[in-house]
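Q: Let me give you the structure first, and then I'll get to my questions.
Residue numbers (our numbering), protein chains in the order written: chain A, 3 to 423; chain B, 3 to 423.
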């Protein structure tokens with residue numbers, strides 16, 4: 003028998019200090035979202051393979067871990083496509099849609115869901131990227147109005163400001179855009195629909211390479227110079243300080259522009275009234291969001307001075323229908339939980355308030371007969387709300403005491419035959 | 003594209019009301035164990051297949067879900083044994099041992115661990131048995147003294163009494179035995195070591211079939227009449243009211259009997275001092291516990307009037323060593339989380355205290371312009387600690403209101419153009 007001590011490739015063990023941070027952050031997230039009326043749900047980590055390979059997941063579908071079918075079937079020399087009928091989920095959105103389809107008659111409408119769970123992707127492991135990681139998603143299904151966006155953005159912003167207040171960070175930016183604006187602008191510039199994906203991938207690099215870089219990239223990829231010029235000129239308007247309404251009317255060139263602009267304005271107006279003063283909410287026509295299932299508003303939250311987003315989401319009005327056979331508007335916002343805990347750890351996060359901790363180390367050779375008494379003492383302190391551990395005093399008492407001190411035990415008492423408790 | 007709405011066979015979706023109960027119970031468990039100084043840890047749901055098939059898991063090893071190897075390897079026509087190198091864990095004990103082996107230099111000693119997580123078994127689904135379910139384990143590694151047993155039993159008992167107090171149940175029985183007593187009794191009766199497993203399976207039925215039933219069963223299975231008679235006479239001593247010490251000395255017939263008896267006495271004495279008055283702690287020589295890895299004390303907790311145990315555990319001093327290459331004493335106690343929530347639901351558990359809940363249903367046709375105002379009101383109430391949801395008023399307002407009422411919303415206000423907020 004050969005045992006392997008390390009976790010499976012790309013997966014993480016969490017030490018006690020990691021878990022204190024993770025559970026604390028999850029607690030803040032749950033509390034905040036509960037106050038916004040989101041109901042927590044849970045789905046299994048395994049899904050039917052048909053549900054995970056329906057092109058909803060884009061690139062993630064290539065990364066799924068399939069679960070081997072069980073039993074005798076395996077012996078009959080099946081081919082690779084027949085070996086698995088279920089797999090580990092790569093996100094929480096596909097399971098949510100299946101869940102809603104299955105249980106919609108038992109759910110309120112609109113349905114405001116919070117889902118916290120592990121997802122799995124067979125990505126090449128690298129710093130900060132794991133094959134099992136936790137996602138925290140809120141979604142509203144059955145509300146086609148802008149009230150869904152307002153609740154999602156306000157709730158996520160509240161959760162993040164609460165979390166980051168503990169390390170003294172309060173400056174966030176909420177980026178807001180609409181996939182329909184994105185598409186109308188590209189159409190208005192003269193691009194064809196089948197070119198959008200490639201264009202948006204380049205546009206998405208704006209914050210790294212600037213508008214000139216985007217232009218250069220588009221030309222290099224062989225897009226028509228005239229269209230590229232027009233497209234780039236749209237974004238210049240923004241640099242010139244054109245306000246959102248005007249920008250959308252000038253660049254989209256469709257009859258729908260007025261409506262899109264009104265919706266975004268109303269969302270921004272209502273959300274602003276709910277935000278902490280240090281949070282900026284801005285229209286950002288360079289915001290793309292990768293997933294092709296988005297149909298309307300899209301949004302992201304960044305921490306000022308960090309290059310990546312810590313939350314992202316948008317409206318996906320046509321995905322639930324594929325599971326239900328009946329369309330239902332939907333909108334969601336996902337917190338990048340792993341990124342958040344990484345940042346907090348880098349900033350030396352400390353538990354804001356912790357119960358008092360006491361350790362009793364019993365010398366079993368001399369005080370063995372006092373075990374009952376020590377535990378009675380521990381019971382009284384625990385009932386008063388303290389964290390108490392009772393352990394045999396080890397030969398290497400220094401290591402034992404050091405470890406307890408580093409775990410926050412303020413009172414460490416060695417118990418011998420004559421110790422007064 | 004064909005989507006499947008139901009969860010994967012044998013797995014569960016949890017509705018909001020289920021989750022309120024589950025999260026509440028997990029919260030009580032976490033709080034209680036934290037006060038006893040247990041540190042929460044987490045391991046990945048996937049493990050190396052070598053670790054899961056090392057005969058630690060007994061029957062459970064036949065039930066593992068294997069995860070298909072990825073990529074090109076699959077195309078080369080591998081045989082079934084070569085298709086997977088990892089699998090979903092079937093319990094939390096094997097991952098804990100691997101974790102301890104991997105991280106022991108960073109962990110306190112003794113190490114008091116709490117692990118809460120999903121485990122997976124491809125069991126035939128049936129009422130109350132699922133293919134994915136949650137386990138809550140506490141373990142102490144590195145403490146060979148009876149203090150480990152005392153802490154584990156007291157902590158688990160405290161967690162369970164706290165949980166069940168909410169449905170008015172306070173009567174529990176803690177059953178305590180020792181695998182060494184179990185074996186010594188069988189040896190003393192004249193059975194051979196290779197017969198123990200079969201004998202213990204029959205003994206385990208005592209609570210259902212009684213001592214006469216056990217005797218009959220043993221004889222039917224062909225065990226020597228003389229040994230069966232002697233073995234059964236041991237248990238008669240118990241019916242006659244023989245106390246634990248005397249019972250062990252009379253039935254075990256080994257030099258070790260005195261020591262085992264002293265240890266069990268000391269555990270019972272110390273634990274009794276920590277228990278609520280309604281909890282019974284008793285020596286139960288018919289307690290078997292299935293897993294062969296137990297090496298010493300074993301224990302179970304039953305609720306009076308229910309036939310099954312709701313928590314179980316014991317000492318397993320030789321398992322960690324197989325991962326570490328160096329022995330470490332270990333003892334654990336696992337709560338049957340799914341059984342507990344099932345019982346609580348059957349007994350109509352209600353959330354003991356919940357924040358006030360208010361819903362604002364906005365008639366978008368008439369009050370669309372007041373969205374900002376409504377959300378400002380919601381923000382104020384949320385900051386005061388209330389749970390508030392803001393939604394568009396639906397055409398089928400009755401269903402909407404009914405669902406909100408059943409979810410505990412005490413204040414439900416419809417907002418029209420002239421509603422005073």
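Glycine included, C-beta positions come from ideal geometry on N, C-alpha and C.
Return the CA-CA distance between residue 173 of chain A and residue 163 of chain A, expressed in angstroms with no decimal places.
A: Answer to the nearest angstrom: the Cα atoms are 8 Å apart.
Q: Pick helix, strand or coil for residue 332 of chain B, following the three-state DSSP scheme.
A: Residue state, collapsed to three classes: strand.
Q: Quick one: what does DSSP say residue 171 of chain B is sitting in, helix, strand or coil?
A: Note: residue 171 of chain B maps to coil in three-state DSSP.
Q: Run through chain A and tell me which residues come within less than 9 Å of residue 377 of chain B, C-beta to C-beta.
A: Within chain A, the residues near residue 377 of chain B are 149, 152, 153, 156, 272, 273, 275 and 276.
Q: Taking only the alpha-carbon atoms, compute the straight-line gap between residue 181 of chain B and residue 262 of chain B and give it to the nearest angstrom.
A: Residue 181 of chain B and residue 262 of chain B: Cα-Cα distance of roughly 10 Å.
Q: Would you tell me roughly how many angstroms separate the C-alpha atoms of residue 157 of chain A and residue 44 of chain A, rounded to the nearest one?
A: For residue 157 of chain A and residue 44 of chain A, the distance between alpha carbons rounds to 20 Å.
Q: Return the first residue and the last residue of the alpha helix (DSSP H) that residue 312 of chain A is part of.
A: Run containing residue 312 of chain A: none in the alpha helix (DSSP H); it sits in the beta strand (DSSP E), 311–317.
Q: Can you pull out the residues from the segment 7–18 of chain B whose beta carbon lies closer than 7 Å to at least one beta carbon of chain A?
A: Listed by position along the chain: 7, 8, 9, 10, 13, 14, 15, 16, 17 and 18.
Q: Using a Cβ-Cβ cutoff of less than 8 Å, which residues in the same chain neighbour residue 18 of chain A once the five nearest sequence positions on both sides are dropped?
A: Counting only Cβ-Cβ distances below 8 Å, and skipping sequence neighbours, we find 409.
Q: How would you label residue 85 of chain B, buried or exposed, when you count the other beta carbons within 10 angstroms and need 16 or more for buried?
A: Answer is buried; the Cβ neighbour count reaches 16.
Q: Could you pull out every residue in the same chain whose Cβ sits closer than 6 Å to the Cβ of residue 118 of chain A, ignoring the five residues on either side in sequence?
A: Same-chain partners within the cutoff: 138.
Q: Put residue 74 of chain A into one of helix, strand or coil per three-state DSSP.
A: In this predicted model, residue 74 of chain A has a pLDDT of only 42, less than 50, meaning its place in the structure is not dependable enough to derive any value.
Q: Could you have a look at residue 267 of chain A and say whether DSSP puts it in helix, strand or coil?
A: Three-state DSSP puts residue 267 of chain A in a helix.
Q: List, in order along the chain, the chain B residues whose C-beta lies closer than 8 Å to that of residue 390 of chain A?
A: The contacting residues are 37, 38 and 39.
Q: Does any residue of chain A bring its CB to less than 9 Å from the CB of residue 306 of chain B?
A: Closer than 9 Å: no.
Q: Report the partner residues of residue 131 of chain B according to the DSSP bridge assignment.
A: Paired residue(s): B/128.
Q: Confirm, please, whether the CB-CB distance from residue 114 of chain A to residue 41 of chain A is below 9 Å.
A: In this structure, residue 114 of chain A lies closer than 9 Å to residue 41 of chain A by Cβ.
Q: At the level of alpha carbons, what is the spacing between residue 224 of chain A and residue 255 of chain A?
A: The straight-line gap from Cα to Cα measures roughly 24 Å.
Q: With residue 302 of chain B as the anchor, note down where its beta strand (DSSP E) starts and where it stops.
A: Where residue 302 of chain B is concerned, the enclosing beta strand (DSSP E) stretches over 299–305.
Q: Which chain B residues sit within Cβ distance under 7 Å of residue 268 of chain A?
A: Near residue 268 of chain A (Cβ distances below 7 Å), the residues of chain B are 373.
Q: Can you find a C-beta in chain A that's less than 9 Å from the C-beta of residue 43 of chain B?
A: Closer than 9 Å to some Cβ of chain A, the Cβ of residue 43 of chain B qualifies, so yes.
Q: Have a look at residue 74 of chain A and residue 230 of chain B and give me their C-alpha separation to the nearest angstrom.
A: Note that residue 74 of chain A scores 42 on pLDDT, short of 50, meaning its location in the model is unreliable; the coordinates nonetheless yield the value given after this. Spanning the two alpha carbons is a distance of roughly 41 Å.
Q: Check each candidate in A/192, A/314 and A/245 and name the one with the smallest Cα separation from residue 227 of chain A.
A: Nearest option by C-alpha distance: A/192.
Q: Output the boundary residues of the beta strand (DSSP E) element that contains residue 363 of chain A.
A: Segment 359–364, the beta strand (DSSP E) holding residue 363 of chain A.
Q: Check the DSSP bridge columns for residue 394 of chain A and list the partner residues they point to.
A: Partner(s): A/364.
Q: From this set, B/47, B/265 and B/167, which residue's C-alpha is nearest residue 149 of chain B's C-alpha?
A: If we check each option's Cα against that of residue 149 of chain B, B/265 comes out closest.
Q: Taking 8 Å as the cut-off, is the CB of residue 188 of chain B close to at least one heavy atom of the ligand ADP?
A: Ligands displayed in this structure: none; no statement on the ligand ADP is therefore possible.
Q: Return helix, strand or coil for residue 244 of chain B, following the three-state DSSP convention.
A: Three-state DSSP puts residue 244 of chain B in coil, outside helix and strand.
Q: What residues from chain A crowd round residue 120 of chain B, counting only those whose CB sits closer than 7 Å?
A: Near residue 120 of chain B (Cβ distances below 7 Å), the residues of chain A are 47.
Q: Please state the DSSP three-state secondary structure of residue 6 of chain A.
A: In this structure, residue 6 of chain A counts as coil in the three-state DSSP scheme.
Q: Check each residue of the segment 97–119 of chain B: if its Cβ is closer than 7 Å to any Cβ of chain A, include it; give the result in chain order.
A: Residues passing the 7 Å Cβ filter: 100, 101, 103, 104, 105, 108, 110, 111, 112 and 114.
Q: If we require 4 or more residues per run, which alpha helix (DSSP H) segments fall completely within the segment 157–236 of chain B?
A: Whole alpha helix (DSSP H) segments, 4+ residues: 181–191, 198–205 and 208–222.
Q: Name the two residues that bound the continuous alpha helix (DSSP H) containing residue 119 of chain B.
A: Unbroken run through residue 119 of chain B is the beta strand (DSSP E), 113–122; no alpha helix (DSSP H).
Q: Does any residue of chain B bring its CB to less than 9 Å from the CB of residue 2 of chain A?
A: Because chain A spans 3 through 423 in this model, residue 2 of chain A falls outside it and cannot be assessed.
Q: Who are the Cβ neighbours of residue 146 of chain B in its own chain at under 8 Å, not counting the five residues just before and after it?
A: Excluding positions up to five away in sequence, the list reads 319 and 331.
Q: Find the residues of chain B that neighbour residue 85 of chain A, judging by a C-beta separation of less than 7 Å, and give them in chain order.
A: 70 and 85, listed in chain order.
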